[in-house]
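What follows is one structure encoded as structure tokens, with my remarks underneath.
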Amino acid sequence: MEINVVTVRIIMKKFPEKEKRTSKKKPVQEKSAEATFFDAVYAVVRQVPRGRVTTYGAVAEATGLRMSARMVGWALSVCSRAKPKVPAHRVVNRMGILSGRHHFATPTLMQELLEQEGVKVEDDTVVDFKQLYWEPS
DNA sequence: AATTTGACTTACT
DNA sequence: TAGTAAGCCAAAT
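Taking my numbering, the leading residue of the first sequence gets 1079, the next gets one more, and so forth.
As structure tokens, then:
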């Protein structure tokens, strides 16, 4: 299934309402909307192509949370919960700095993952960030 | 229950 | 041009 901004916005519409789960044997705190909020963020992040990067703000905008870039970081900080893995290493701040590197298994993992994809990193910053920047659409 | 704290960004001194 | 404030909102304390 191809997920685009429209799809994400539809998902976000469900954000405020409580979602009833059929399965009751999962008392996980997934109280309600986070699941869909996470999904929305993850859906966007998964679209980032290999070797490209995007920013928290861009993801936030694509999910409709225009000014809530922080929420994106928060969602990614718990992305271990996501079933299909999320290429969180492709999300950096607007300066191209790997501000989230400390949240990976090792502080250098994020950079290593990026370099594996051909993205050069210097001083915790993506080289040629402007060219590698990918805007969610 | 209230306050602080972020994997951020923009706007205004 | 650099520093501060404000906006976001769920978690953690």
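Even for Gly, the Cβ is constructed at its ideal location relative to N, Cα and C.
Here the structure is a predicted model, which is why all the values come from computation and not from measurement.
Asked	Found
Identity of the residue in Ala-1166, Gln-1194, Glu-1193, Glu-1195 nearest His-1237 by Cα	Absent from the structure is residue 1237, since the part of the chain shown begins at 1079 and ends at 1215.
Delimiting residues of the alpha helix (DSSP H) encompassing Glu-1193	1187–1194
Gly-1151 versus Thr-1141 - alpha carbon distance	13 Å
Best match in Thr-1184, Phe-1115, Lys-1161 for proximity to Ala-1153 [C-alpha to C-alpha]	Phe-1115
For Tyr-1120, the nearest candidate out of Arg-1159, Gly-1129, Val-1197 (CA to CA)	Arg-1159
Sequence-distant residues of its chain with Cβ nearer than 6 Å to Val-1205 (five each side left out)	Lys-1198
Cα-Cα separation, Met-1188 to Thr-1132	14 Å
Extent of the continuous alpha helix (DSSP H) to which Leu-1154 belongs	1147–1155
N- and C-terminal bounds of the alpha helix (DSSP H) containing Gly-1135	1134–1140
Cut-off 7 Å between Cβ atoms - residues of its own chain near Arg-1172, not counting five sequence neighbours on either side	Thr-1133, Gly-1135
Identified DSSP bridge partners for Glu-1200	Thr-1203
Pro-1162 and Arg-1124 closer than 8 Å at C-beta	yes
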